[in-house]
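Following: one structure in structure tokens, then a few remarks.
Residue numbers (the UniProt record's numbering): 1 to 138.
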């Protein structure tokens with residue numbers, strides 16, 4: 001993609017979708033009862049994944065269609081430092097699939113959901129610094 005305005009447009013699309021996930025996670029977490037904590041965790045993961053992909057797109061770095069946060073982190077340029085530990089990367093990656101299907105996993109807790117949103121918030125804020133203002137709506 002050689003046209004800068006097309007690149008900014010692509011970044012904006014990734015950011016818009018990441019923001020939808022972030023708002024969904026935050027809003028769902030406010031439910032006074034029967035909060036689907038797995039849904040919150042899933043959307044926290046999706047926010048982080050899509051923000052990383054927005055940054056990779058902005059840097060014109062090809063990336064695979066994966067949900068593995070750790071794998072995406074390995075593709076980032078060395079000048080990009082994000083506040084997410086390997087344990088947090090693995091945790092969020094688990095939420096991408098395991099929370100969507102029935103299985104042997106224990107139900108997720110409010111604390112896990114709150115942690116997912118907190119991780120998404122800090123990664124979101126860190127990545128927005130690297131993106132063009134016109135690509136983030138700001």
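Using N, Cα and C, we set each Cβ at its ideal position, and we do this for glycine too.
Looking at 77, 68, 50, the one whose alpha-carbon comes closest to that of residue 61 is 77. One thing to note: residue 117 has its Cβ within 8 Å of the Cβ of residue 26. Take the alpha-carbon of residue 92 and the one of residue 4: they are about 32 Å apart.
Straight-line measurement puts the Cα of residue 69 at about 8 Å from the Cα of residue 45.
Here the C-alpha atom of residue 95 lies approximately 16 Å from the C-alpha atom of residue 121. Beta-carbon to beta-carbon, residue 113 and residue 40 are separated by about 4 Å, close enough to satisfy the 8 Å threshold. Your pair residue 75 and residue 119 does not check out as a contact, with CB atoms roughly 19 Å apart and the cut at 8 Å. In this structure, the straight-line span from the alpha carbon of residue 49 to that of residue 16 is close to 13 Å.
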